[in-house]
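Below is one structure, written out as C-alpha cells; the observations come after it.
2 protein chains.
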Amino acid sequence: MSSPKYLTGDKAAINEFIDKFDTFLFDCDGVLWSGDHVFDGVIDTIQMLHEKGKRTVFVTNNSTKSRQDYLKKLTALNIPATVEDVFGSAYSSAIYISRVLKQASQPKPKVFVIGEAGIETELASENVDFLGGTDPALRRDITPEDFKALADGTGLDPDVGLVLCGLDFHINYLKLSTAFAYLRTGATFMATNTDSTLPMNHSFFPGAGSVSSIPLANMVGGGKMPVACGKPSQAMMDAVEGKFQLDRARTCMVGDRLETDIKFGIDGRLGGTLAVLTGVMKKHDFEKEDAVTRPAFYVDKVSDLGVATD
Amino acid sequence: MSSPKYLTGDKAAINEFIDKFDTFLFDCDGVLWSGDHVFDGVIDTIQMLHEKGKRTVFVTNNSTKSRQDYLKKLTALNIPATVEDVFGSAYSSAIYISRVLKQASQPKPKVFVIGEAGIETELASENVDFLGGTDPALRRDITPEDFKALADGTGLDPDVGLVLCGLDFHINYLKLSTAFAYLRTGATFMATNTDSTLPMNHSFFPGAGSVSSIPLANMVGGGKMPVACGKPSQAMMDAVEGKFQLDRARTCMVGDRLETDIKFGIDGRLGGTLAVLTGVMKKHDFEKEDAVTRPAFYVDKVSDLGVATD
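Residue numbers (the working numbering), protein chains in the order written: chain Z, 1 to 310; chain U, 1 to 310.
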C-alpha cells in the first residue's frame, strides 16, 4: 500500500483530485456533521462540487433512519440533497432481501427485524413482510411463558425465513431470544451493518453490531456471521452502482472510518478514497505499519476541498 | 489427549472411579437438572456419594442467583445440600473483586453491575459498593439527556472503578451505554462468566457472555476481554480451593460443557473430569479429532454412578 496523499492546503493537488471524479460518495456522521452540528464549510463544499457538475451521494450505515428521514436531516442542516441522493443500510438491506427472497422463491417470506423504524419503512417500500422491529409487544421483559413458547416453537411465526439485525435503541432479552430461536430454526442471518460503535454527542455509544449481530453470532457459535448490507459490504456497493450507474473508476468514497468507509471504497475498486480526520479515524490509524487498509488521499476536514474554488 | 473412559454399566470401573476422589464438583443445569426438572436418580446418587464420605460442591456459572437462592433451588428439588456447598460465579466474582480492590487500595471502590439480584447479594456480602444491577432507574429507554450525560461524564459516578458483567434479563441500550462509558474512562472489565447460551426449557437462550461482556468487548475493541470469574476461569478454581481446602488430585469435576466444565477441571489440574451427556455436550464433541479438550471419564447420565451401590 502506498502512502496516502495529504491534500489540505495544496490547491493544485485538490483541483487535480476533484477533476479525477464524477461522483463522490460521502459518509455523513463524522464527515459532514457530528450529531446535530454540521461542520463549518461543508455546505459550501457540497455546493462547489455541484457547481463543478459532480454528483454527491450520501452513503450511511445508520439503519435507524429511512431515506426520507435522512433527507430531513440533510435539509435541516442546509446540505443540498434530494431523497435520490441518500443511500442507507436499511434501504440497501431491503433491496438485497427483496431480491434474495424473490430469486429463491423463498417459502418463508417474512423477516424478523431487530431495529428501528428506518428498517421497517425501507422493507415496506420493497414489499417485504416483516415482524418484530418497533412492535410494542416486544418492548417488555421476558416471561416464563415466553421461554416456553420460544423453546417449543409455539411463539414463533412459521413464515419467518430471515433475521435482519440493525441498531436497536430498544434492544432487550426478549428480542434477542426470539431472533436466536429463529436462527436456530434455520433462518438466514443478515445485518444492516455491523458497526461496533455509534458516534453521538462527540462520544461513542453501542453500535448496531454490538447490540444485535455480534451477540447473536456469539450465541449461534461456530464463527457464523451475518451477511451485512452496510459498508464495507460489497452488497451495498453493488446496490449503489446498480442505482446510480456509477463509473467506479471516476467515483471517490469519502469517510472517517478506515475499516468501514475506506475499505468499502478499496474493496469496491473505486477510483479513489479520501479520509477525513473529523471523526473516528486518526492519521496514526492508516500510517501505522499494520494498518488494515489505507486511503489514497486525506484531508483534515471535508471543507479543505473548498479552497479549490479560490 | 487419551480417550475418555466410558463408565456407564461398568460397576467395577465406577467403584474404582469413585474411590479415586474425596470431592466432586458438580455443574448443575444439564447435569443434575434441566430447568425445574431434576433428572431421575440424581438425588440417590448424591446421597450415595455422601454415604461414602464424599463431599459434593455445586459449582455454577449462573450469576442471577445468590448462594442462598441456589440452595432454595437445590432444596426444592430434594437435592441434599447446605449453603456452604454452593459456589456460584456471582460469589466467586464478589470474592475476587473484594480481594482485588483491597489489595490495590483501589481509589475508585465502586462497581457498576450489569446483572440480576444474585450479583448484588454476593457483592453486598463482601461489603463491595455497587450501582446499576436491578436499579429500576436503569430499566428504561435511553433519552437524549442520557446521551449527553454519558458523553460529557456528568451521568457517571466518579467512584466507579470496575464494571462487572453477568446475565441480565433486563439488558437494554442504557445499561450497555453506561457500562461502555465507564470502560472508556478506564474501569476494570470483569465478567461473572462468559457463557454464550443459557439452557432453559430444553432449549437455549442468550447467555451472560452474549448479553453483556461480548457486546462490550466488541465496543471497546482491540481484542480486550474481561477477566471472567466463572468456569473455566481459574480465578474460580482458586476461590473454590481456598474455601474448601481441596486436595486437587482427589477432586473430580462433573459437567456437561466441554469448554466450560471440563476445561475448568483440566486447567485446574484436578485428579479427574467426568462428562455427562444430559446437557449441551454430545459424545462427538470430545471424540472428534480437533476437540478443544477431553474429559478423563464419561457417563450417559449422573445416575449411572448409582450402580456402584448395587
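Heads up, the beta-carbon is just placed ideally off N, CA and C, and yes, glycines get one too.
Just so we're clear, the structure is a prediction, and the values are computed from it rather than from any experiment.
{"Item": "Could you check whether the Cβ of Z:Lys282 sits closer than 8 Å to any Cβ belonging to chain U?", "Value": "no"}
{"Item": "Determine whether the beta carbon atoms of U:Asp85 and U:Asp261 lie at a separation below 8 Å.", "Value": "no"}
{"Item": "Under 8 Å, CB to CB, which of the residues in the stretch 184–216 of chain U have a partner in chain Z?", "Value": "Arg184, Ser196, Thr197, Met200, Asn201, His202, Ser203, Phe204, Phe205, Pro206, Gly207, Gly209, Ser210, Val211, Ile214, Pro215 and Leu216"}
{"Item": "On the DSSP letters alone, give me the boundaries of the alpha helix (DSSP H) that U:Val113 sits inside.", "Value": "That residue, U:Val113, is in no alpha helix (DSSP H); its beta strand (DSSP E) goes Lys110 to Ile114."}
{"Item": "Between the stretch 146–177 of chain Z and chain U, which residues of the former have CB atoms less than 8 Å from a CB of the latter, in chain order?", "Value": "Phe147, Lys148, Leu150, Ala151, Asp152, Asp168, Phe169, His170, Ile171, Asn172, Tyr173, Leu176 and Ser177"}
{"Item": "Using C-beta distances below 7 Å, list every residue in its chain close to Z:Ala94, excluding the 5 sequence neighbours before and after it, in chain order.", "Value": "Glu122, Leu123, Ser125, Glu126 and Val128"}
{"Item": "Let me make sure I understand the geometry here. Which of U:Asn218, U:Lys301 and U:Arg294 has the alpha-carbon closest to that of Z:Thr197?", "Value": "U:Asn218"}
{"Item": "Buried or exposed: which applies to Z:Phe87, given that a residue is buried once 16 or more other Cβ atoms fall within 10 Å of its Cβ?", "Value": "buried"}
{"Item": "Against chain Z, with Cβ distances strictly below 8 Å, would U:Ala291 count as a contact?", "Value": "no"}
{"Item": "Give the secondary structure of Z:Asp85 by DSSP, where H, G and I count as helix, E and B as strand, and everything else as coil.", "Value": "helix"}
{"Item": "Quick one: is U:Asp29 buried, meaning 16 or more other Cβ sit within 10 Å of its Cβ, or exposed?", "Value": "buried"}
{"Item": "Is U:Asp168 buried or exposed, if buried means 16 or more other CB atoms sit within 10 Å of its CB?", "Value": "buried"}
{"Item": "Is it true that the stretch 238–250 of chain Z meets the stretch 3–18 of chain Z, where meeting means three or more beta-carbon pairs spaced less than 8 Å apart?", "Value": "no"}
{"Item": "Please state if the CB of U:Thr45 and the CB of U:Leu313 are separated by a distance shorter than 8 Å.", "Value": "As displayed, chain U neither begins before 1 nor continues past 310, which places residue 313 of chain U out of reach and without an answer."}
{"Item": "Which residues does DSSP list as the beta-bridge partners of Z:Lys5?", "Value": "Z:Phe297"}
{"Item": "Please list, in chain order, the residues of the stretch 131–142 of chain Z that have any C-beta partner in chain U closer than 9 Å.", "Value": "Arg139, Asp141 and Ile142"}
{"Item": "Per the DSSP calculation, Z:Met190 is bridged to which residue(s)?", "Value": "Z:Leu164 and Z:Val227"}
{"Item": "Helix, strand or coil for Z:Thr260? Go by DSSP, reduced to three states.", "Value": "helix"}
{"Item": "Quick one: which unbroken beta strand (DSSP E) runs of 3-plus residues sit fully inside the stretch 31–74 of chain U? Chain order, please.", "Value": "55–60"}
{"Item": "What residues of chain Z sit near U:Asn218, judged by a beta carbon separation below 8 Å?", "Value": "Ser196, Gly209, Ser210 and Ile214"}
{"Item": "For U:Arg248 and U:Arg269, I'd like the C-alpha separation in whole angstroms.", "Value": "7 Å"}
{"Item": "What three-state label does DSSP hand Z:Asp29 in the structure shown?", "Value": "strand"}
{"Item": "Under the rule that 16 or more other beta-carbon atoms within 10 Å means buried, what is Z:Ser303, buried or exposed?", "Value": "buried"}
{"Item": "Mind pulling the chain U residues with CB within less than 9 Å of Z:Ser221?", "Value": "In the sequence as displayed, the identity of residue 221 of chain Z is Gly instead of Ser. Within chain U, the residues near Z:Gly221 are Ser196 and Thr197."}
{"Item": "What does the Cβ neighbour count give for U:Ser212, buried or exposed, with the cut at 16 atoms within 10 Å?", "Value": "buried"}
{"Item": "Find the residues of chain U that neighbour Z:Phe180, judging by a C-beta separation of less than 9 Å, and give them in chain order.", "Value": "Thr197, Phe204, Phe205, Pro206 and Ser210"}
{"Item": "Counting pairs of beta carbons, one from the stretch 186–194 of chain Z and one from the stretch 142–156 of chain Z, are three or more of them closer than 8 Å?", "Value": "no"}
{"Item": "Using three-state DSSP, classify U:Val280 as helix, strand or coil.", "Value": "coil"}
{"Item": "With 16 other CB atoms within 10 Å as the buried threshold, where does U:Gly265 fall?", "Value": "buried"}
{"Item": "Taking Cβ to Cβ, would you say Z:Pro232 is nearer than 8 Å to Z:Asp267?", "Value": "yes"}
{"Item": "Give me the residue from U:Thr82, U:Pro80, U:Ala76 and U:Phe58 with the minimum Cα distance to U:Ser378.", "Value": "Nothing about residue 378 of chain U can be reported from this structure: the residues present for chain U run from 1 to 310 only."}
{"Item": "Going by DSSP, name the residue or residues bridged to U:Gly255.", "Value": "U:Ala275"}
{"Item": "Once you ignore the five residues that flank Z:Pro295 on each side, which residues in its own chain have a CB closer than 7 Å to its CB?", "Value": "Pro4, Ile262, Thr273, Leu274, Ala275 and Phe286"}
{"Item": "Under 8 Å, with one C-beta from each stretch per pair, do the stretch 65–78 of chain Z and the stretch 155–169 of chain Z reach the 3-pair mark?", "Value": "no"}
{"Item": "How would you call U:Ala137, buried or exposed, if buried means at least 16 neighbouring beta carbons within 10 angstroms?", "Value": "exposed"}
{"Item": "By Cβ distance below 8 Å, which residues in the same chain neighbour U:Gln47 in space, the five residues on each side in sequence not counted?", "Value": "Pro80"}
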